[in-house]
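Residue numbers (the numbering used here), protein chains in the order written: chain W, 1 to 583; chain U, 1 to 325; chain C, 1 to 389.
Cβ coordinates follow ideal geometry from the N, Cα and C atoms, glycine included.
Okay, so here's the structure we're looking at.
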Amino acid sequence: MRYLWFLLLLLPLLLSPFPYYLTLLNFFALSAMVALSLLVLTGLAGMTSFAQAAFMGMGAYATALLTVKAGFSPWLGLLAGLGLSLLLALVLGGLTVRLKGHFLPLSTIAWQVALYILAGNLVGLTGGHTGMTDLPPLVLLGLPLDTGFRYALFSLLLLAFLILALDNLRHSRLGRALLALRGDALAAASFGVDPARLRLQAFLLSGAIAGLAGFLYAHFLRFVNPTPFSLEASIKYLVMAVAGGVGSIPGVLLGAAFFTGLEDWLKDLLPLLLGRQGNYETIGYGLILALILILAPRGLWPLLERRLPRRERGLPRAEPLPLQAPAGPRGEVVLAVEGLRKAFGGLLAVAGVSFALRRGEILALIGPNGAGKTTTFNLITGAISPDGGRVVLLGREITGLPPHRVHALGLGRTFQHPHLFPELSVLENAALGTHLGTRAGFFQVLLGLHRKEEARALATAYRALKRVGLEGLALERAERLSVGQQRLLEIARLLASGATVLLLDEPAAGLRAGEKRELAHLLRSLAREGYTVLIVDHDMDLIMGLADRVVVMNYGEKIAEGTPKEVQKDPLVRAAYLGEEAA
Amino acid sequence: MDATILGFLLLDGLQNGVVYGLLALSLVLVFAVTRVILVPIGELLMFAPLSLVWLLEGKLPGTLWLALALGLAWALLSRGRGALLPLLGTAGLGLLFLLARGVPPLAYPAVVLLVVYLGVATYRVFFQPMREATVLAFLIMAVGLHVAYMGLGLVFFGPEQFRPEPLLRGEVVVGLSWQGVLVLLFALLAVLGLYLFFRLSLFGKALLAAAENRLGARLSGIPPEEAGMVAFGIASLLAGLSGLLLAPLINAAYFMGFMLGLKGFVAAILGGLSSYPMALLGALLVGFFESFTSFYASAYKEALVFLLLVPALFYQSLRARAVEE
Amino acid sequence: MRRWLAVALVLALSASAQEVLKVGVVVSATGPAASLGIPERNTFLMLQEMLDRTGGVAGRKVQFVILDDASDTTQAVRNTRRLVEEGVVAIVGTTTTPASLGMIPVVAEAKVPMISLAASKDIIHPVDAQRFWVFKTPQTEELMARAIVADMVARGVKTVGYIGFNDAYGEGWARFFEAEARAKGIQVVVSERYARTDTSVTGQVLRIIARRPEAVLIGASGTPAVLPQRTLKERGYTGLIYQTHGVANPDFLRVGGQDVEGTLLPAGPILVAEQLPTGYPTKRVALDYIQRYEAKYGIGSYSTFGAHAWDAWLILRPALERALRRADPKDLAAFRAVLRDEIEATRNLAATHGIFTFSKEDHLGLRFEDTAVMVRVEGGRWKLERTFR
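Here it is in C-alpha cells:
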C-alpha cells in the first residue's frame, strides 16, 4: 500500500507536453520535502520551526560554493550540503531544543533572519543578493538532468523514498517515542526516552531533509540567492505543512501540492481579477492560514481522511520479545526506602519515611490529603530528588536517579491522570513500554531494517494487552477508551516494559465499581505471579480488600504499618482520618 | 570616534530605542493578557501614517475598507447586542473619514481611531474564536495575519515611501529635531500612563488579573474577551501614535513596520515577555546596540541584533516556569 | 483588463497560434524597484496597444508576455524559464542588475536574445559565450560615473565620500566610480554601504562626515536613495551631494522634498528633453515618446526608465523586420539566432537615451557625448546643468 506513492512518478509523464507544469511539479516535489522535514520536527517531535528555509539555504549554498567556486562535482556538493545542514542543526538544535514552549520557535525566527542577512551581506562569499549563477546540472549515470521532465522524475523518486523512510519512522519505536515526547515529556521520560537527545536527533533529521531539498533546488534552478531562503519562505513551508495537516504524510503532501498550485494560480488569477499588478498571493496565504487555524486547526487532511475507508493494520503475529518474568523468592525485599526526606521551601513534605516492599506483595500507601504520599511516590520514581535518605531497588541504590534510569532498572509507575497518547492506538501506547527493550536507531529505522524487532515489540505489547484484558481494543485509538480501560492500558504498558515492581498512583480514581473490581482482580493475579505492587490511593474499601500490607502517612511521617486489619484498629490512624474524637 | 559622534550615536540609539520600547510594551501587554505574540504590530504602526498621507490628499485609504470588512465579520460573529459595537464603530469611522477629507486636522485622530479599531477587530475576528488554543497556534495565526496585512499594505499604498509633514519642524541641536523630542516625550508619557493605568485603575488591575489567571479572572466577573480587546486596543493606540510621530523621521512604506516590530519584539524577549521595565531597558539596549553596530559594522548590524536574541531566549527559557503546551 | 484575458487565452492556445510573434518582458513592477519597473511595464502596455492598432510587425501580430519579478532574482529566473518554454523570440528585461545577471545563464543556455533594462556594465561586458546573447539599453554606471567625475573636475572637487546599496547596483557603482575618480585625480576617502530597506543610516553618515569630503556620491536608486541624503543634511553636511541616474523619477522628488534641493545627478537626456539645445540628436525621438506616454498616462508621468523600454523596442522592431526576411519563426531556434544577429547589426539608431551602435564587442552601443547630461534639482524640478557634447 505504501508503495502506491511511487505512482507519483507517473505525473511527469502525464505532464510532459506542458513544460510549465513540469516546472511546477518540480517545485512541488521540493516543497513537499521541506514539508516532510516539518512532519518530523513539528508533527512528530512537536517543535515548531520558522527556520526550515535556512536549512534549505545551507544545502543550496554549500553545493553552489563547491560547484561554482571550486569546480567540484555536484555529488560532493550534496555531501557538503548535508554536512553543513547537519552542522547547523547540531549547533542550533543544541541550543534550541532545551527551550521550553514558545521560546523555541521564537529562537528559530532569530536564526532564520540572522542567516538570511548574513547570506545577503557576505558578498565575497555568497555573491550577496545577486547570488551565484551557472551551477552545473546533476549528471546521473551519464545522463544530465537538465530538463524539467528528467529532474521531475529524479526528485519525485527521491520524494517517494523519503516518504517510505518517514513512514518507517512513524511506525517504529522512535516514532512512538517522538509522539510521546511531544505530548507529555514526563511520561515519555518514565519510559526511558531521553528528551533532549531525541529532540536533537529529530532536529538533525529535519535539518538534513531540508538541506537535501535545498541541494535539489540549487541544481534545478541552477541559480542561488538568499530570497528563497528567507523568513517568508520558511513561513510558506510552515503554512503548507500546518494547513495540510502536519501530523501525517498525506497531510503535508496535500499542503505542499495545494499551496504550490495555489501560489502560481493566485499570481496569475488575482491580477486578472483585481485589474492590476501586485503581490496579492501573500494576502491569500495569510487569510487561508487564518481560516484553516480557526476552522480546521488540525489541517485539511484529517477532514478528508474521515471520508476515506480506514486501513486496518493487522494484529501482530510475531514472537514476543523475551521479557524477564518476575523471578526470585517471594518475600525478598525488592524496594527499600530509608529515611526519605524532602522539603519545599519551609514545608517539610516528607520527614524521614522508611518502609520495605517485598516481592509478590501488594503494599498500600495511604494517608489524608497532604500527608506526603505523592511526594514520596515521586521521590522513589525519580521525578524529584530527595533532600535526604536512600532508595534501594533490587539491591541497587537509585536515590536521585532520573525517571528513565530508574525505569531501566525494573521499576515502573503510572500517573494520577492517565498519561496516554490519544493519537496512538492502544497497541502503540502499550508498545511504548518496550522502548528500552528495543534498540533500533534512526538509520536502521529510516532504512526499514527494524522490522523484525518492531514486530516483536508489538507482539510483546499485545501480550501485555491480553494480560490486562484489553486485546479486543488493540487497534482502536487510545482516546476512545473509558477511564478504567485507560488505567488498564497504563498497567499493560508497564508490563510490556518488563518492570516487575509496579508503582500505581491512585489507580482507582474515577473508576466505577465494576472497573475497580476488575482492577483489583488484575492486581491480585499479577501479585500471585511474582510482581510487586505499591499502590497509593484513597479508596479504603479497595485498599483494605486488596493490600497485603498498609503503610499510613500523616504530615510527612509514617505513623503506622501493618496488615489492613491492624492498621484499621490503630488509634493514630483513626485520629488522622477521623479526627481526635474517634480515637 | 570623538565626542560629537558619540553624542550622535547615543541620541540616535535613544530615539530608536524608545520606539522599540513602545512596541515592546505593547507586545508584552498583549502577550500577558491574551497569550498572543502580536507579530502584525508593525503593520498597524505603518497603517497610521500611510492612511494619513492618503487622507490628507483627499482620498479614502484602503485601510478604511479593511476596517469595514473586519467590522462586518465582527458583527456577524457576535450575536444580538454584541453586533452593535462594531456596527456603530464602522459607521462612526466612515463618517469621520468623510469629514476629515475636508477638515485636515481631523485626519490625525481619524487615522488613530482607525488603527485602534483595526487592532480590536483583529482580536475579535481572528483570535477570540481560537478558544483554548496554544501559544504556538496563536503565533502561527499572528504570523499569517502579518503576511496578509503586509500584502494589503502593498495593495493599498503601493511600494514607495511617503513622507508626512512633521508636527514640529526644526532642530533643537544638530542631530535632534523637535519631532524627535516629541517622540521621546510621547514615549515617556505613554510609559507613565501605562504604569498609572495598571497600578491605580480598577480596570487596569483587572487586566493584570486576567493575565495571571484567566479562569480566576472569569470567575471574578472579568470577561477575558473584554480584556483581550482592551489589550489589543491599547497596543494599537501606542503603535498608531508611534507610527504617526515616527514617519516624518524615517519615511513610511508598507514594508517598514515588520523590522520595527521585530526589534520591539527582541526587546520584549529581553524582558521575558513578562516584565515591562525589563522590556523598556531591553529596547534601549537594542537601540544603542544597533546604533553602534551600524557605525562599526554597518553591513551586519541587523544580523547582530537578531543574534542578540539567542542568548536572551536561552536565558529566559532557563528562568521561565515550565509552560505546559 | 481585457488585455490580460486576451493574453491568457492566447497562452492557452499557444500551440496553434503560430502566426503570433511572442516577445517576453520581465520587469520589477512590484517590490523595491517598482518605481523603475512600472513605467517600463506601462511602456510595453502602450506598445501593445499601438501594435494591435497598426497590425504588428511585417504583417504578423506581436504579443508581449509581461511578467513581474517583484524585484527578486529568483522570480526573474523562474519567469525567464517560463518565457523560454512558451516560445518567445526574445526577452526584454529585467529592471534590476542582480536579476538581469541571474537571467543571463538561462537565456544563454536557451539561446534566446535578451535586451536588459538594467544598469550595470557587468551585464554585457565582456561579451563572452553567455553575453553573446545579451544586450542592454540603459547607460552603464561606468558612463554615468564618467559624467559625474567630469562634473566634479569642472567644479574642482578633490575628495569624495561614497555611500551605496550593499547589492550589485551599489557595488558596481562603487567600483566604476572609484576607478574613474582615481584616474582623474579625485580621492574617495570613505566608502559605506546600506540596505534598500534600512530605516536609519546614522552610523554610516557619521563616518562619512568625519572624513569631511567635499562631495558625497550616493549609489542608490528609487526612494530609498533619499534616506542617506536627508541624514547627511540633518547631521549638518554642507558639501555637494551627487546621486546616480537611478533616482531620476518623480517619486524621488516627492519623497525628498526640500532635502534634495540642489542634488546633482547624471541622467539620460530625455529627463530634460524640452531643455535640450536644438539639434541635440535624441531630442526629437525623446519628445515623441514623452508625448505618447503622457497622452496615455497623464502629464508629467513619463520617466527615464520607461524610455529604456521604449529604446529596447526601437532596437528590436527593425531587427525583427530584418530577421523575418531571413528566417521563419516556425523554426524557433534558428529564428532566435538570426534575430540576435540582427540586433547586433544595429547601427546609428537614434533613440531616447542616445544613439545605439552595437558591435561584436560592444553590446551597449552608446557614446558618452550623446547619452549623458548633468542635471540639478531646482525648485522640485529637473534642471539641465550641462551637456557633454
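Check: Rounded Cβ spacing between Leu245/U and Phe157/U (contact assumed at less than 8 Å); Outcome: That belief does not hold up - the Cβ atoms of Leu245/U and Phe157/U are roughly 19 Å apart, past 8 Å.
Check: C-alpha distance - Val305/U paired with Glu290/U, whole-angstrom precision; Outcome: 7 Å
Check: Ser73/W versus Val139/W - alpha carbon distance; Outcome: 9 Å
Check: Cβ neighbours of Ala108/C in the same chain (closer than 6 Å, five flanking residues each side left out); Outcome: Gln130 and Trp133
Check: Reduced DSSP secondary structure (H/G/I, E/B, other) of Glu561/W; Outcome: strand
Check: Below-9 Å beta-carbon distance, Glu616/W vs any chain U residue; Outcome: The displayed coordinates of chain W run from 1 to 583. Any statement about residue 616/W would go beyond what the structure contains.
Check: Residue(s) in a DSSP beta bridge with Pro266/C; Outcome: Met374/C
Check: CB contact flag (Gly255/W, Gly299/W, <9 Å); Outcome: yes
Check: Local Cβ density within 10 Å of Phe443/W, reported as buried at 16 or more and exposed below that; Outcome: exposed
Check: Test: Ser116/C CB closer than 9 Å to a CB of chain W; Outcome: no
Check: Gly203/C versus Tyr296/U - alpha carbon distance; Outcome: 8 Å
Check: The alpha helix (DSSP H) enclosing Ser51/U, as first and last residue numbers; Outcome: Ile41 to Leu56
Check: Identified DSSP bridge partners for Asp68/C; Outcome: Val27/C
Check: Closer than 9 Å at the beta carbon, the chain U residues around Asp251/C; Outcome: Glu160 and Gln161
Check: Environment of Gly92/U [buried if 16+ CB atoms lie within 10 Å]; Outcome: exposed
Check: Interface residues of chain C facing Asn26/W [CB-CB closer than 8 Å]; Outcome: Ordered by position in chain C, no residue passes the 8 Å Cβ test against Asn26/W, which lies about 11 Å from the chain.
Check: Val89/C versus Pro329/C - alpha carbon distance; Outcome: 8 Å
Check: Limits of the alpha helix (DSSP H) - the one that Lys136/C falls within; Outcome: Segment Val134 to Lys136 is the beta strand (DSSP E) holding Lys136/C; no alpha helix (DSSP H) there.
Check: Listed by chain order, chain U residues near Gly257/C by CB distance under 8 Å; Outcome: Arg163
Check: Per-residue burial, Pro269/C [other beta carbons within 10 Å of its own, 16 or more giving buried]; Outcome: buried
Check: Selection from Leu270/U, Gly58/U and Gly233/U that minimises the alpha carbon distance to Leu99/U; Outcome: Gly58/U
Check: Min CB distance Gln204/C to chain A below 9 Å; Outcome: Of the chains in the structure shown, none is chain A; the protein chains are W, U and C.
Check: DSSP three-state assignment for Phe191/W, whether helix, strand or coil; Outcome: coil
Check: Contact with chain W by Ala17/C, beta-carbon distance below 9 Å; Outcome: Low confidence applies here, because Ala17/C scores a pLDDT of 45, under 50, leaving its location unreliable and the question unanswered by this model.
Check: In DSSP terms, what Asp505/W is bridged to; Outcome: Val536/W
Check: Whole-angstrom distance between Met240/W and Phe259/W, CA atom to CA atom; Outcome: 6 Å
Check: Interface positions of the stretch 195-225 of chain C facing chain W (Cβ-Cβ less than 7 Å), listed along the chain; Outcome: none
Check: Beta-carbon proximity list for Pro302/W, same chain, < 6 Å, skipping 5 on both sides; Outcome: Gly245
Check: Per-residue burial, Met585/W [other beta carbons within 10 Å of its own, 16 or more giving buried]; Outcome: Not covered by the structure: residue 585/W. The range shown for chain W is 1 to 583.
Check: For Leu511/W and Glu324/U, the rounded distance between their alpha carbons; Outcome: For Glu324/U, the pLDDT reaches just 34, beneath the cut-off of 50, and the residue's location in the model is therefore unreliable, leaving the point undetermined.
Check: Gly24/C versus Leu158/W: straight-line alpha-carbon distance, rounded; Outcome: 34 Å
Check: CB contact below 9 Å: His129/W versus chain C; Outcome: yes
Check: heavy atom of the ligand PLP below 8 Å from Met56/W C-beta; Outcome: The ligand PLP is absent from the structure shown, which contains no ligand whatsoever.
Check: Segments assigned beta strand (DSSP E), at least 3 residues, entirely inside the stretch 311-367 of chain W; Outcome: 333-344, 347-358 and 362-366
Check: Glu506/W and Asp537/W closer than 9 Å at C-beta; Outcome: yes
Check: Outcome for Pro17/W when other beta-carbon atoms lying within 10 angstroms are tallied against a minimum of 16; Outcome: exposed
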